[in-house]
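From first to last, the protein sequence lines are chains A and B.
Reading the first sequence from the start, the letters are residues 1 to 235 in the numbering used here.
Reading the second sequence from the start, the letters are residues 1 to 382 in the numbering used here.
For every residue, glycine included, the Cβ atom is placed at its ideal position computed from N, Cα and C.
The structure presented is a predicted model; accordingly, all values stated were derived computationally and were not measured.
Okay, so here's the structure we're looking at.
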Amino acid sequence: METVTDKKIVIETRDIAKVYHDSKIAVQALRDVDLEISEGEFTAIVGPSGSGKTTLLNIIGGLDNPTAGTIKVAGRDISKLKDSERIDFRLHNIGFVFQQYNLIPVLTARENVEFIMLLQKIPVHEMKARSLHLLEEVGLKEKANVRPSELSGGQQQRVAVVRALASRPKFILADEPTANLDSASAANLLDMMARMNQEEGMTFIFSTHDQRVIDKARRVVTLEDGIIKSDEVRS
Amino acid sequence: MMFKLAWRNIWRNKRRTIITIVSIAFAVILSSLMRSMQLGSYERMIDNSVRFYTGYIQIHKLGYWDEQVLDNAFYPPKGLQEQIESLDGVEAAVPRLESFALASFKTRSRGAMVIGIDPEKESHLTGVEHKITEGSKVGLNDPRVLMGSGLADYLNMKVGDTLVLISQGYHGVNAAGKYEYFYGAEGLLTAMAVVTDQPKDVDDVREEILGDLDTTAYEVMGWKTMMPELIQGIEIDNISGIIMLLLLYLVIGFGMFGTFLMMTKERLYEFGVMLSVGMHRSRLQLLIFSEIVLLAILAVLAGFALSLPVINYFSRNPISLPEEYKTAFEKFDIEPIYAFSNEPIVFTSQAWVVFFMALVLSAYPLYKIWKIDPVTAMREGR
Ligand SMILES: Nc1ncnc2c1ncn2[C@@H]1O[C@H](COP(=O)(O)OP(=O)(O)OP(=O)(O)O)[C@@H](O)[C@H]1O
Ligand SMILES: [Mg+2]
């Protein structure tokens, strides 16, 4: 059985803290978060509502900056990047799957999958081939030319995962990807992600409340009030 | 892909897009019609006044225009007529001798303007021979005169009657006869009117004539100087017309802004996703800007498509004014019709206004995109 340290570390946080000052009282969303994530992991970030899951994923994804501490993603200190460099960094290194409405409503499933590759300037033929291949992989070939409004919530989320995969990121961040799905669709999505993790070696980090989803993770990081409460690797 | 995305995005909310397009198109139609009618009436007024009598350029003895009396007539330098007619852009030089006289027939008499013309040249300017209602054309050495029907009616004269004119001649000379002979002004002119091929050539032609003439003895005037009231009247009317248009566009501008505002607000979440996954702000701005420009193009095209046939029709078939206005217009020597102008400026100016407004108003969504960060966009846009 492989261990975490055998593999290359893709994410490394040191003493990360995040304080929100938007409201009258400052909210400490994260404190002293030390976390290392290696290539090929299938990790769940869990914890009650308000525990800081989204905040942590946003910081790892380069969408937000920590108030204190350092963060290295793919070997780079992303908190030092300028806005446009940061956008480019996300484009080429990070795949995102949000809780809902991931897709551009006026584009078909396939065009949505191709959207990021288009931004990455991947050659058209390669882009076309990859989008169709991946949609086929997840059983959505028939839905390739259909717009998101005609897809179920579960199908939309699968397209979102495929879109992230297609761009060949270093890892995929999914913030409660199953929160708006019924349990069957949620299980289906997780199975698909697990398969992509196995077959393509894609690193997945996802947050969730859902016990059945937690059960599928191979590593579970638990947050409570912005602090890592536990970190367990399962076999 | 960008274009596809922009095109599909504007049809995302069909109703709103159609309402926006229709309201802009409506403004374009309304303002095109208004402008067309206004510019048409100016063209008509200028044409009526200029073509009807003065011509676009006149040459006089220096000082004639300020004191329009026979004593300010001049002997045209030899070859002047030919010289002017040989200039580029000149259609004809039309000599005239004007003064006043008391016209009488039997027991009635009335003050009248007497104009000596060269009938052949005159046809280039006023085309007076086409306006004869009774009798026939008058030749150069003809003992007959052409009378205005108003004067003839007043004096109770018919074709063939003999008119008596009494006046003082050049430098007090008394004489009998026609025109220059009548005024003892043989060879004299009060004005040489110049007909240009195109109204826009006037300034160039005038410059050229000035270059060839002794400016201490002659004055060369353009129609704008000869008819300052006309120009002023047009300018005032034009300004009020433009203010009306601005008000109209102000209203439309608010509508457009509302649309752009909603286009931005309702897609904030989507913008957040796009920025998150790696779309550059500038690219996103370009997308939104394309949508706005596309919308403006559609609206302007729709406006033109609907107003062009109407304007074309009316420019060829001017609207006749109702009877009660006719007399009023005729008093001012203006044809009692409403003509529409189909000068390209009528349309291009509308297009520019709409594009300019779209450009200015797009600043808001573009600024918004520049400022938002993906996390807040996704939180606020939910
Ligand atoms: N932009 C913000 N401004 C102020 N406070 C914020 C902001 N974002 C998050 N918070 C606060 O930070 C804390 C952590 O929030 P976060 O969204 O990371 O939690 P979460 O674990 O993702 O919760 P949930 O399960 O409800 O999604 C909460 O107390 C939240 O109210
Ligand atoms: Mg959250």
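Answer yes or no: does any C-beta atom of chain A fall closer than 8 Å to that of residue i?
{"i": "S362 (chain B)", "result": "no"}
{"i": "S278 (chain B)", "result": "The question names Ser, but residue 278 (chain B) in the sequence shown is Gly. Chain A contact via Cβ: present."}
{"i": "M263 (chain B)", "result": "no"}
{"i": "I18 (chain B)", "result": "no"}
{"i": "V205 (chain B)", "result": "no"}
{"i": "E270 (chain B)", "result": "yes"}
{"i": "L287 (chain B)", "result": "no"}
{"i": "L284 (chain B)", "result": "no"}
{"i": "P374 (chain B)", "result": "yes"}
{"i": "L275 (chain B)", "result": "yes"}
Determine the direct distance from the alpha carbon of residue j to that of residue i, and round the result to whole angstroms.
{"i": "V106 (chain A)", "j": "R163 (chain A)", "result": "15 Å"}
{"i": "S240 (chain B)", "j": "R144 (chain B)", "result": "48 Å"}
{"i": "M1 (chain A)", "j": "R219 (chain A)", "result": "In this predicted model, M1 (chain A) has a pLDDT of only 47, less than 50, meaning its place in the structure is not dependable enough to derive any value."}
{"i": "N238 (chain B)", "j": "S41 (chain B)", "result": "11 Å"}
{"i": "D214 (chain B)", "j": "N317 (chain B)", "result": "46 Å"}
{"i": "E136 (chain A)", "j": "N102 (chain A)", "result": "20 Å"}
{"i": "S320 (chain B)", "j": "I337 (chain B)", "result": "4 Å"}
{"i": "P123 (chain A)", "j": "I11 (chain A)", "result": "29 Å"}
{"i": "V4 (chain A)", "j": "F257 (chain B)", "result": "With a pLDDT of 48 at V4 (chain A), under the threshold of 50, the modelled position of this residue cannot be trusted, and the question is left open."}
{"i": "G116 (chain B)", "j": "I46 (chain B)", "result": "23 Å"}
{"i": "V19 (chain A)", "j": "I372 (chain B)", "result": "20 Å"}
{"i": "L63 (chain A)", "j": "R130 (chain A)", "result": "27 Å"}
{"i": "P214 (chain A)", "j": "T222 (chain A)", "result": "Note on residue identity: the sequence assigns Ile, not Pro, to residue 214 (chain A). About 10 Å."}
{"i": "G55 (chain B)", "j": "L125 (chain B)", "result": "7 Å"}
{"i": "A377 (chain B)", "j": "S276 (chain B)", "result": "10 Å"}
Among the options, which has the Cα closest to the Cα of residue i?
{"i": "G154 (chain A)", "options": "A:N145, A:E176 and A:A26", "result": "A:E176"}
{"i": "E232 (chain A)", "options": "A:Y20, A:E12, A:D15 and A:V46", "result": "A:V46"}
{"i": "S235 (chain A)", "options": "A:E150, A:K229, A:V138 and A:K216", "result": "A:K216"}
{"i": "T259 (chain B)", "options": "B:E91, B:L361 and B:R382", "result": "B:L361"}
{"i": "W7 (chain B)", "options": "B:V300, B:L295 and B:G381", "result": "B:L295"}
{"i": "M383 (chain B)", "options": "B:E82, B:L165, B:M34 and B:Y249", "result": "Not covered by the structure: residue 383 (chain B). The range shown for chain B is 1 to 382."}
{"i": "G184 (chain B)", "options": "B:N312, B:L97 and B:I369", "result": "B:L97"}
{"i": "N203 (chain B)", "options": "B:R108, B:K224 and B:Y269", "result": "Sequence check: residue 203 (chain B) is Asp here, not Asn. The candidate whose alpha carbon is nearest that of D203 (chain B) is B:K224."}
{"i": "G409 (chain B)", "options": "B:L261, B:L286, B:E323 and B:W352", "result": "Only positions 1 to 382 of chain B appear in the structure, and residue 409 (chain B) is not among them; the question remains open."}
{"i": "E199 (chain A)", "options": "A:S207, A:L140 and A:L134", "result": "A:L134"}
{"i": "D66 (chain B)", "options": "B:K200, B:M226 and B:S349", "result": "B:M226"}
{"i": "I116 (chain A)", "options": "A:F206, A:L165 and A:L30", "result": "A:L165"}
{"i": "T20 (chain B)", "options": "B:V69, B:L287, B:M37 and B:F254", "result": "B:F254"}
Could you tell me if residue i is buried or exposed, where buried requires 16 or more neighbouring beta carbons within 10 angstroms of its beta carbon?
{"i": "K265 (chain B)", "result": "exposed"}
{"i": "P344 (chain B)", "result": "exposed"}
{"i": "I132 (chain B)", "result": "exposed"}
{"i": "E236 (chain A)", "result": "Given that chain A is displayed from residue 1 to residue 235, the structure contains no residue 236 (chain A) and the question cannot be resolved."}
{"i": "G233 (chain B)", "result": "exposed"}
{"i": "V28 (chain B)", "result": "buried"}
{"i": "V251 (chain B)", "result": "exposed"}
{"i": "I10 (chain B)", "result": "buried"}
{"i": "I78 (chain A)", "result": "buried"}
{"i": "F347 (chain B)", "result": "buried"}
{"i": "F3 (chain B)", "result": "exposed"}
{"i": "V113 (chain A)", "result": "buried"}
{"i": "Q211 (chain A)", "result": "exposed"}
Verify the CB distance criterion: does residue i have a CB-CB separation below 8 Å to chain B?
{"i": "L118 (chain A)", "result": "yes"}
{"i": "V4 (chain A)", "result": "Its pLDDT being 48, under 50, V4 (chain A) is placed unreliably by the model, and nothing is read from it."}
{"i": "M1 (chain A)", "result": "Bear in mind that a pLDDT of 47 at M1 (chain A), under 50, signals an unreliable position, so the number given afterwards is only what the model happens to contain. No, because no Cβ of chain B sits closer than 8 Å to the Cβ of M1 (chain A)."}
{"i": "F96 (chain A)", "result": "yes"}
{"i": "Y101 (chain A)", "result": "yes"}
{"i": "L107 (chain A)", "result": "yes"}
{"i": "L189 (chain A)", "result": "no"}
{"i": "L91 (chain A)", "result": "yes"}
{"i": "I104 (chain A)", "result": "yes"}
{"i": "D15 (chain A)", "result": "no"}
So residue i contacts chain C; which residues on that side make the cut at Cβ distance below 7 Å?
{"i": "M1 (chain B)", "result": "Of the chains in the structure shown, none is chain C; the protein chains are A and B."}
Return the residues of the stretch 45-63 of chain A that lie within a Cβ-Cβ distance of less than 7 Å from chain B, sorted by chain order.
N58 and L63
When Cβ atoms are compared, which residues of the stretch 3-16 of chain B fall closer than 7 Å to chain A?
L5, R8, N9 and R12
Near-chain A residues of the stretch 229-253 of chain B (beta-carbon distance less than 8 Å), N- to C-terminal order:
none
Taking beta-carbon pairs under 9 Å, can you tell me which members of the stretch 70-86 of chain A lie near chain B?
D83 and S84
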